[in-house]
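Only one structure is covered here, and it is reproduced in the block below.
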Amino acid sequence: MEGLNVQRLKKALDYLESKQRELKKEHQNDTRSIESLIKYLKKDMLEQFQLSDYHPEIKPELKNTEFFISNVKNILEKNF
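In the numbering used here, the protein residues as written are 158 to 237.
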């Protein structure tokens, strides 16, 4: 992955983390739009940055956002 893509991945990860925090705060309200956005972000990051090349178990665990965020952080630390 090139330097520019690493920076884009970091920004995408930051945005995903912010939406995850927002989802946790809004537990009483209707969160379907935030959940949909988070789901889209994870799929987009997985495909756009080919994250399964760096961590083969990331795709089967796509439903767990906390696990996904942790794995992306690990990918960044180990490879870049």
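Even for Gly, the Cβ is constructed at its ideal location relative to N, Cα and C.
Report task. Please go through the same chain and pick out, in chain order, the residues whose beta-carbon is closer than 7 angstroms to the beta-carbon of residue 192, but skip the five residues on each side of it. Result -> Taking the sequence shown and counting its residues from 1, one reaches residue 192 at position 35. The answer, listed in chain order, is 180.
Report task. Below 8 angstroms CB to CB, which residues in the same chain sit around residue 233 once its five sequence neighbours on both sides are set aside? Result -> Start at 1 with the first residue of the sequence shown, and residue 233 comes out as number 76. Only 163, 166, 167, 170 meet the Cβ criterion.
**Report entry** Supposed contact pair residue 177 and residue 226 - C-beta distance, whole angstroms, cut 8 angstroms
**Finding:** Reading the sequence shown from its first residue, position 69 is the one you call residue 226. Reading the sequence shown from its first residue, position 20 is the one you call residue 177. Right, the Cβ-Cβ distance comes to about 7 angstroms (below 8 angstroms), so this counts as a contact.
Report task. State the Cα-Cα distance for the pair residue 207 and residue 182, rounded to the nearest angstrom. Result -> Walking along the sequence shown from the start, residue 207 turns up at place 50. Walking along the sequence shown from the start, residue 182 turns up at place 25. One C-alpha to the other measures close to 30 angstroms.
Query raised in the report: What span of residues does the alpha helix (DSSP H) with residue 210 cover, start to end?
Result: Indexing the sequence shown from 1 puts residue 210 at position 53. Note, residue 210: premise wrong, no alpha helix (DSSP H); not H, not E.
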